[in-house]
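The sequence shown begins at 1 in the working numbering and counts up one residue at a time. For glycine and all other residues, C-beta sits at the position ideal for the given N, C-alpha and C. Being a predicted model, the structure only gives us computed values, none of them experimental. A short write-up of the structure that comes next.
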Amino acid sequence: MAYRLKDPNVLNLRCVAELSDIPYESLSTLCGKNVISLRSFQKDPNGKSPNRRFDVMDCIAITYAAMWWKLGYSNVVFTAIHDFLSQFTEEQLLAEFEAGRRCLIPNTSSPMTLLPLYDDAMHILNLDPVYAKVKSYMARHTGTAATNKAPAPKAKQRKATATSR
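This is how it looks when you write it as structure tokens:
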């Protein structure tokens, strides 16, 4: 789309729909049914527009949760993923990435936590591509360069073991 975002830290519902690949009407319905919790968006303070405003972490949370929702997971799982991820600040998420924790396994029966990626088969669980997608989108639509890139995962170090002969 050929529009510019006024505030580089706030996305509207159309932007989030485009990023998450959820149709605008469906995403609006999810907001209306509190699948995306009310604390996660703000109506236009002037009261002129019904468009909701989302911060960067809400957008990352919705985009990641949408992957699971489109795979057939319930609205309950969508809400759990969104609520878990939206509690982080962007700096906290980057710190988790730096520590190697980039994976989230949807779970509604126990507390969720970010985990390291153990092998390539876990690529669908990786938050890093979602983070990069959101930051790239924002950079394109605000005319600014993406300032925060997820740090590269640290290489695993093997412990040196002494062998006896």
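Looking at C-alpha atoms only, which residue of SER37, GLY100, ASP21 is the closest neighbour of LEU127? Shortest Cα-Cα distance from LEU127 to any of SER37, GLY100, ASP21 involves GLY100.
Can you tell which of ALA132, MET112, ASP58 has the C-alpha that lies nearest to the C-alpha of ASN9? When C-alpha distances from ASN9 are compared across ALA132, MET112, ASP58, the shortest belongs to ASP58.
On the three-state DSSP scale, how would you describe PRO116? Here PRO116 sits in strand by DSSP.
Alpha-carbon to alpha-carbon, VAL56 and THR63: For THR63 and VAL56, the distance between alpha carbons rounds to 11 Å.
Quick one: using the 10 Å Cβ neighbour count with 16 as the cut-off for buried, is PRO106 buried or exposed? PRO106 should be labelled buried.
Can you tell me where the beta strand (DSSP E) holding VAL10 begins and where it ends? Membership of VAL10 in the beta strand (DSSP E) is indicated by the continuous run 10–12.
Cβ neighbours of ILE22 in the same chain (closer than 7 Å, five flanking residues each side left out): The residues are ALA66.
Between THR112 and ASP7, what straight-line distance do the alpha-carbon atoms span, to the nearest angstrom? The amino acid occupying residue 112 in the given sequence is Met; Thr does not appear at that position. The straight-line gap from Cα to Cα measures roughly 31 Å.
Do you know whose CA, among ARG102, LEU85, THR108, lies nearest TYR73's CA? The candidate whose alpha carbon is nearest that of TYR73 is THR108.
Tell me which same chain residues have a C-beta within less than 7 Å of the C-beta of ASP83, skipping the five on either side of it? Sequence-distant Cβ neighbours of ASP83 in its own chain, meaning closer than 7 Å and more than five residues away, are SER37.
Coil, strand or helix - ASN75 by DSSP: Of the three classes helix, strand and coil, the one that applies to ASN75 here is helix, per DSSP.
Let me check understanding here. Comparing Cα to Cα, which of GLU98, ASN34, TRP68 lies closest to ARG52? Comparing Cα-Cα distances from ARG52 to each of GLU98, ASN34, TRP68, the minimum goes to ASN34.
Proximity to PHE97 [Cα-Cα], best of GLN87, LEU115, ILE81: Considering only alpha carbons, the answer is LEU115.
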